[in-house]
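Protein chains in written order, with the working numbering: chain A, 100 to 219; chain B, 100 to 219; chain C, 100 to 219; chain D, 100 to 219. Even glycine gets a Cβ: it sits at the ideal position worked out from N, Cα and C. Heads up, the thing below is written out as structure tokens.
There are 4 protein chains.
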Amino acid sequence: MIISINEMSEIPIYQQIRNQIVQGISDGRLSPGEQLPTVRGLAEEIGINSMTVNKAYSLLKQEGYIFADRRSGARVRKEFAVTKELSEKSRELLQQIISEAKVSGMTKEEFFEICGELYE
Amino acid sequence: MIISINEMSEIPIYQQIRNQIVQGISDGRLSPGEQLPTVRGLAEEIGINSMTVNKAYSLLKQEGYIFADRRSGARVRKEFAVTKELSEKSRELLQQIISEAKVSGMTKEEFFEICGELYE
Amino acid sequence: MIISINEMSEIPIYQQIRNQIVQGISDGRLSPGEQLPTVRGLAEEIGINSMTVNKAYSLLKQEGYIFADRRSGARVRKEFAVTKELSEKSRELLQQIISEAKVSGMTKEEFFEICGELYE
Amino acid sequence: MIISINEMSEIPIYQQIRNQIVQGISDGRLSPGEQLPTVRGLAEEIGINSMTVNKAYSLLKQEGYIFADRRSGARVRKEFAVTKELSEKSRELLQQIISEAKVSGMTKEEFFEICGELYE
DNA sequence: GTGGTCTAGACCACT
DNA sequence: GTGGTCTAGACCACT
């Protein structure tokens with residue numbers, strides 16, 4: 100899986116990395132248990148400071164998406180708890196997006212259509 | 100309409116104000132043409148600097164949610180363009196939220212149920 | 100000629116009045132020598148403070164578009180000097196507008212087309 | 100590219116900075132991707148407060164002319180949307196300028212000549 | 001009285 | 001070192 104940084108984005112690099120890995124897990128490009136690139140390797144590949152990749156991996160570990168393996172590498176978690184829940188933060192963001200959709204005149208059905216496409 | 104600031108949040112205060120006003124417009128607590136609190140008044144009420152409220156109002160003005168001048172203060176806009184579109188930023192955030200929902204084992208229908216509640 | 104104030108505009112009211120009168124002169128809705136409404140009358144008609152109308156008329160006098168007549172009224176100037184020149188301010192504004200047009204990818208011909216429509 | 104502030108102008112300093120940068124992009128003095136001076140650097144150079152430069156840069160960011168982050172400073176955007184459109188505000192200003200040109204006796208062709216020069 | 005602009009100074013996040 | 005946020009305080013334009 101290729102991770103690409105958008106330097107024009109205002110989203111911090113470590114967040115962009117974290118987001119892409121979560122999306123990779125979500126859409127199956129990253130399988131449970133799969134080995135992730137090493138911190139150094141990924142940093143070199145993207146051309147950024149390895150502290151930044153480190154920060155992204157730390158976040159992913161803390162959130163339970165990946166775990167450290169013996170050889171100081173990192174792997175995708177093998178099983179994900181079926182919580183069927185959004186984090187408080189995501190729920191608030193979703194509320195905000197929906198507010199903006201409503202003001203733009205979008206109906207619930209039109210919003211669902213967009214969500215459906217993104218859900219695949 | 101009461102605006103409340105979460106000091107512990109990582110979301111900047113001016114953004115929190117902006118978000119709450121957009122939500123107020125969206126769910127009808129703020130009507131088209133309705134007068135908003137004055138910059139100084141709101142600043143005092145919340146206990147923050149008036150420049151911060153000013154920044155929130157400037158943003159809302161630029162986004163077309165409110166209009167303001169030195170004669171009559173700030174007011175909710177009277178007509179909203181029916182664009183039926185999400186901003187690029189909101190679309191990306193929504194994609195991210197959906198990825199996280201999928202990893203948590205949520206089905207499309209379960210996600211729609213949450214959206215439906217938030218849509219009212 | 101009807102003067103209408105856009106309360107949602109950020110342009111000061113006195114400027115809006117001044118602008119509309121200049122446009123009226125330009126497109127012939129106001130004839131040379133024509134009597135303008137009295138300050139008080141116009142203020143009442145629009146529903147604003149008469150000091151604001153006064154300010155607009157003062158500006159128009161200073162710019163040479165109108166002149167005061169004996170009965171404390173105001174009339175459109177009878178002859179306009181054919182200077183065929185833009186004010187320094189207008190020239191700068193025009194430069195700014197053209198810069199923005201160019202960045203938006205508009206060609207000179209496309210810009211001329213817009214100007215042509217506005218020129219009537 | 101040198102940015103110079105006219106202290107006597109009624110145009111706010113942050114707007115003057117914004118205008119000059121847009122013109123620089125438009126006439127090629129600023130290339131896509133080019134690094135802009137730092138907020139603090141430019142503030143010192145001009146002799147103004149850095150918040151004022153910050154405001155100018157924020158505006159340019161929102162309008163899509165530049166992008167900025169805490170890693171590499173502010174840079175000119177790499178691609179500009181070819182909208183071939185004037186903003187509502189610019190269109191109104193252009194109408195106003197044309198009205199004034201007409202009153203001064205300028206013909207459409209003479210006005211086009213001025214525009215042509217400004218277009219380069 | 002209202003919002004808008006500006007200053008001097010501080011602290012924070014990202015890298 | 002960079003931009004982003006925030007404060008306390010000032011002055012201005014419009015009405």
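{"Check": "Could you compute how far the alpha carbon of Ser149(A) sits from the alpha carbon of Ala142(A)?", "Outcome": "5 Å"}
{"Check": "Of all the options Lys201(B), Tyr218(B), Arg169(B), which has the alpha carbon lying nearest to the alpha carbon of Arg139(B)?", "Outcome": "Arg169(B)"}
{"Check": "How is the alpha helix (DSSP H) around Arg174(D) delimited, first residue to last?", "Outcome": "Premise fails: Arg174(D) lies in the beta strand (DSSP E), 172-175, not in any alpha helix (DSSP H)."}
{"Check": "What residues of chain A sit near Phe166(D), judged by a beta carbon separation below 9 Å?", "Outcome": "Glu106, Met107, Ser108, Glu109"}
{"Check": "Three or more beta-carbon pairs under 8 Å between the stretch 178-190 of chain C and the stretch 201-208 of chain D, yes or no?", "Outcome": "yes"}
{"Check": "For the beta strand (DSSP E) holding Phe211(D), just list the boundary residues, first then last.", "Outcome": "Note, Phe211(D): premise wrong, no beta strand (DSSP E); alpha helix (DSSP H) at 207-218."}
{"Check": "Hey, would you say Ile145(B) sits closer than 7 Å to Ile196(B), going by beta carbons?", "Outcome": "no"}
{"Check": "Can you tell me the Cα-Cα spacing of Ile124(C) and Tyr113(D), whole angstroms?", "Outcome": "34 Å"}
{"Check": "Quick one: does Lys201(C) have its CB under 7 Å from some CB of chain D?", "Outcome": "yes"}
{"Check": "Taking 7 Å as the CB-CB limit, is Glu184(B) close to chain A?", "Outcome": "yes"}
{"Check": "So with Cβ pairs under 7 Å, would you call Lys207(B) a contact of chain A?", "Outcome": "yes"}
{"Check": "Does Ile196(A) have its Cβ less than 7 Å from a Cβ in chain B?", "Outcome": "yes"}
{"Check": "Give a yes or no on whether 7 Å exceeds the smallest Cβ distance from Leu193(A) to chain B.", "Outcome": "yes"}
{"Check": "From the beta carbon of Asn118(B), is the nearest beta carbon of chain A less than 7 Å away?", "Outcome": "yes"}
{"Check": "Between the beta-carbon of Ile165(D) and the beta-carbon of Val152(D), is there less than 7 Å?", "Outcome": "no"}
{"Check": "Using the DSSP secondary-structure output, state which residues sit across from Asp168(B) in a beta bridge.", "Outcome": "Gly172(B)"}
{"Check": "Comparing alpha-carbon positions, which option in Ser108(B), Met100(B), Pro111(B) lies nearest Pro136(B)?", "Outcome": "Met100(B)"}
{"Check": "Could you tell me how far apart the beta carbons of Gln257(B) and Leu217(A) are, in whole angstroms, since I believe they sit closer than 8 Å?", "Outcome": "Since the first residue shown for chain B is 100 and the last is 219, residue 257(B) is missing from the structure and cannot be characterised."}
{"Check": "Beta carbon of Arg117(C), beta carbon of Leu185(C): below 7 Å?", "Outcome": "no"}
{"Check": "Name the chain C residues that come within less than 9 Å of Gly215(D), Cβ to Cβ?", "Outcome": "Lys207, Phe211"}
{"Check": "Compute the Euclidean distance between the alpha carbons of Glu212(B) and Gly215(A), then round it to the nearest angstrom.", "Outcome": "13 Å"}
{"Check": "Under 7 Å between beta-carbons, which chain B residues line up against Ile145(A)? List them in chain order, please.", "Outcome": "Simply none; closest approach about 19 Å."}
{"Check": "By DSSP's criteria, Gln134(C) is part of a beta bridge. Which residues make up the other side?", "Outcome": "Arg174(C)"}
{"Check": "Helix, strand or coil: which one does DSSP assign to Lys201(C)?", "Outcome": "helix"}
{"Check": "Where Ser189(B) and Gln119(D) are concerned, what is the direct C-alpha to C-alpha distance, given to the nearest angstrom?", "Outcome": "31 Å"}
{"Check": "From Gln115(A) to Ser108(A), what distance separates their C-alpha atoms?", "Outcome": "9 Å"}
{"Check": "Comparing the C-beta of Tyr218(B) with each C-beta of chain A, is any distance below 7 Å?", "Outcome": "yes"}
{"Check": "In chain order, what residues of the same chain lie with their CB nearer than 7 Å to the CB of Tyr156(B), ignoring the 5 residues before and after it?", "Outcome": "Val138, Ile165, Ala167, Ala173"}
{"Check": "Here's the rule: buried if 16 or more other CB atoms are within 10 angstroms of the residue's CB, otherwise exposed. What is Lys154(D)?", "Outcome": "buried"}
{"Check": "Cβ of Ile101(C) less than 7 Å from any chain D Cβ?", "Outcome": "no"}
{"Check": "Using a Cβ cut-off of 7 Å (strictly closer), state whether Val138(D) contacts chain C.", "Outcome": "no"}
{"Check": "So, are the CB atoms of Leu192(B) and Leu192(A) less than 7 Å apart?", "Outcome": "yes"}
{"Check": "Check each candidate in Gly163(C), Glu208(C), Gln161(C) and name the one with the smallest Cα separation from Lys183(D).", "Outcome": "Glu208(C)"}
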